[in-house]
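Engineer: Pasting a structure here, questions to come.
There are 2 protein chains.
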Amino acid sequence: MRLTTKGRYAVTAMLDLAFHSEKNPVTLTDIATRQTISLSYLEQLFARLRKSGMVKGVRGPGGGYKLSREVENINIADIIEAVDEPVDSTKCGGKGDCQDGQPCLTHDLWMGLSDQIRNYLKGISLGDLLDREEINNVSQRQDKKVEHVMNIKSA
Amino acid sequence: MRLTTKGRYAVTAMLDLAFHSEKNPVTLTDIATRQTISLSYLEQLFARLRKSGMVKGVRGPGGGYKLSREVENINIADIIEAVDEPVDSTKCGGKGDCQDGQPCLTHDLWMGLSDQIRNYLKGISLGDLLDREEINNVSQRQDKKVEHVMNIKSA
DNA sequence: CTAATACTTGACTAATTTACTTGGTTTATT
DNA sequence: AATAAACCAAGTAAATTAGTCAAGTATTAG
Numbered sequence: 218m219r220l221t222t223k224g225r226y227a228v229t230a231m232l233d234l235a236f237h238s239e240k241n242p243v244t245l246t247d248i249a250t251r252q253t254i255s256l257s258y259l260e261q262l263f264a265r266l267r268k269s270g271m272v273k274g275v276r277g278p279g280g281g282y283k284l285s286r287e288v289e290n291i292n293i294a295d296i297i298e299a300v301d302e303p304v305d306s307t308k309c310g311g312k313g314d315c316q317d318g319q320p321c322l323t324h325d326l327w328m329g330l331s332d333q334i335r336n337y338l339k340g341i342s343l344g345d346l347l348d349r350e351e352i353n354n355v356s357q358r359q360d361k362k363v364e365h366v367m368n369i370k371s372a
Numbered sequence: 218m219r220l221t222t223k224g225r226y227a228v229t230a231m232l233d234l235a236f237h238s239e240k241n242p243v244t245l246t247d248i249a250t251r252q253t254i255s256l257s258y259l260e261q262l263f264a265r266l267r268k269s270g271m272v273k274g275v276r277g278p279g280g281g282y283k284l285s286r287e288v289e290n291i292n293i294a295d296i297i298e299a300v301d302e303p304v305d306s307t308k309c310g311g312k313g314d315c316q317d318g319q320p321c322l323t324h325d326l327w328m329g330l331s332d333q334i335r336n337y338l339k340g341i342s343l344g345d346l347l348d349r350e351e352i353n354n355v356s357q358r359q360d361k362k363v364e365h366v367m368n369i370k371s372a
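Going down the list, the sequences are from chains R and V. Everything in the first sequence is counted per our numbering, starting at 218 for the first residue and increasing by one. Everything in the second sequence is counted per our numbering, starting at 218 for the first residue and increasing by one.
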């Protein structure tokens, strides 16, 4: 399990998607604009997310991307692993014959730790983040937007 | 908080150090040999670890590196952050003025998640890993070594 | 004191990954 | 048919990683 900006982009994009795809599919152009990620980079990320079955592409005008599962059933670990290259962190190909009788301390250690982090992130769903974000930040913004619209109407 | 091979190298090296520095300082050459990491790369990593005060270099013949705290008081998050470049994950420098009124969803989201992972890793000490490793893997090896010695003696 | 050992510093390099660009092709809606 | 979108492929610049090289400085055993 690695944790890089690439994974962050993916999680952010998925959160944006979850947040905006209540009814209609969301275009990558929209996500790109909102999250300031290049469109083609998003395309690459979503190609992987699609291959691992978390999103569905809808072609043609009015199309875009939809989540293929409920937000509660998409976890952060899956998103990150979908876009990450799997890394062989061993030097001996997992056979444990690296060195003079001290086989793969690296491997044993990091795999264990890595598993713990993975499990931890598996326990956090897109829905969890959505709730958290919604309450803490975005809802305030949306309230302001609504206010703004009401001001225009009443003016 | 990022999680890369660089951090893994650092954690592994620190664990190796913890494991071998009961009495005498451990040379980077030894760690490099045992863990198959290049010496000069280790030097770079340990320069950072020293600057953040987790290890102490002992010069001269018989010198090497020692932990400057008890293994219980060195946590994984600190090790990783010592060797990692700090990354500004925002595009607006943390001011929240990225985009058309949608300020830094990326930042809010990832910082929160990142903090959780950091806290999680802060809760795991070098001592914890040491115990775990010792019980799960190394002890078996040691047992075999003892067996081996006994076989030789009885032969 | 001096030689061996070991850390220090800095510059440099190859490989890899990241993030992005360009230029297409399909597909489905209007 | 025109358009808007996903989908695809190749290439690229910048950043990071991992490692190399070389010329130091500090320490201490002998």
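We put the CB at the ideal spot given by N, CA and C, even for glycine.
Could you give the C-beta distance for R:V228 and R:I293, rounded to a whole number, given that I count them as a contact under 8 Å?
Structural biologist: 6 Å
Engineer: V:R219: buried (16+ other C-beta within 10 angstroms of its C-beta) or exposed?
Structural biologist: buried
Engineer: Is R:K283 near R:V272, with beta carbons less than 8 Å apart?
Structural biologist: yes
Engineer: DSSP on R:K192, reduced to helix/strand/coil?
Structural biologist: With chain R represented from 218 up to 372, any question about residue 192 of chain R goes unanswered, as that position is not in the structure.
Engineer: Mind checking the stretch 323 to 346 of chain R against chain V and listing, in chain order, the residues whose C-beta falls within less than 9 Å of any C-beta there?
Structural biologist: T323, D325, L326, W327, G329, L330, S331, Q333, I334, Y337, L338, I341 and L346
Engineer: Just to make sure I have the definition right: I need the residues of chain R whose C-beta is within less than 8 Å of the C-beta of V:L234. Which are they?
Structural biologist: Ordered by position in chain R, no residue passes the 8 Å Cβ test against V:L234, which lies about 12 Å from the chain.
Engineer: Any Cβ of chain R within less than 8 Å of the Cβ of V:Y271?
Structural biologist: Looking at the sequence itself, residue 271 of chain V is Met, so the reference to Tyr does not match. Not closer than 8 Å to any Cβ of chain R, the Cβ of V:M271 fails to qualify, so no.
Engineer: Could you run through the stretch 240 to 251 of chain V and flag, in chain order, every residue whose CB is less than 9 Å away from some CB of chain R?
Structural biologist: T250 and R251
Engineer: Under DSSP, the beta strand (DSSP E) around R:L284 begins and ends at which residues?
Structural biologist: Annotation: the continuous beta strand (DSSP E) that includes R:L284 extends over G281 to L284.
Engineer: Quick one: grab the DSSP three-state call for V:G277.
Structural biologist: coil
Engineer: Is the shortest distance between the beta-carbon of V:L220 and the beta-carbons of chain R less than 8 Å?
Structural biologist: With a threshold of 8 Å between beta carbons, V:L220 makes contact with chain R.
Engineer: I'd like the list of long-range same chain contacts for V:G344, defined as Cβ closer than 6 Å, with 5 residues on each side in sequence excluded.
Structural biologist: Excluding residues within five positions, the ones whose Cβ falls inside 6 Å are V288 and E289.
Engineer: Would you mind giving the Cβ-Cβ distance between V:N241 and V:G274, rounded to the nearest angstrom? I have them listed as a contact below 8 Å.
Structural biologist: Their Cβ separation, rounded to whole angstroms, is 14 Å, which puts V:N241 and V:G274 out of contact at 8 Å.
Engineer: Identify which residue in V:G270, V:R225 and V:S269 has its Cα closest to the Cα of V:Q252.
Structural biologist: V:R225
Engineer: For R:R349, return the contacting residues in chain V, with the cut-off set at a CB-CB distance below 9 Å.
Structural biologist: L326 and G329
Engineer: Using a Cβ cut-off of 8 Å (strictly closer), state whether R:R225 contacts chain V.
Structural biologist: yes
Engineer: For my contact list, V:L256 and V:A249 are in at a C-beta cut-off of 8 Å; report their separation, rounded to the angstrom.
Structural biologist: 4 Å
Engineer: At the level of alpha carbons, what is the spacing between R:Q261 and V:Q261?
Structural biologist: Taking the straight line joining both Cα atoms gives about 34 Å.
Engineer: Between R:L347 and R:A235, is the Cβ-Cβ spacing less than 8 Å?
Structural biologist: When the beta-carbon positions are compared, R:L347 and R:A235 come within less than 8 Å of each other.
Engineer: Using three-state DSSP, classify R:N241 as helix, strand or coil.
Structural biologist: coil
Engineer: Straight-line CA distance for R:G329 to R:E302?
Structural biologist: R:G329 and R:E302: Cα-Cα distance of roughly 19 Å.
Engineer: For R:L346, write down the residues that DSSP places opposite it in a beta bridge.
Structural biologist: Looking at the DSSP assignment, R:L346 forms no beta bridge with any residue, so it has no partner.
Engineer: Please determine, among V:R276, V:S285, V:G277 and V:I254, the residue with the shortest C-alpha to C-alpha distance to V:L266.
Structural biologist: V:S285
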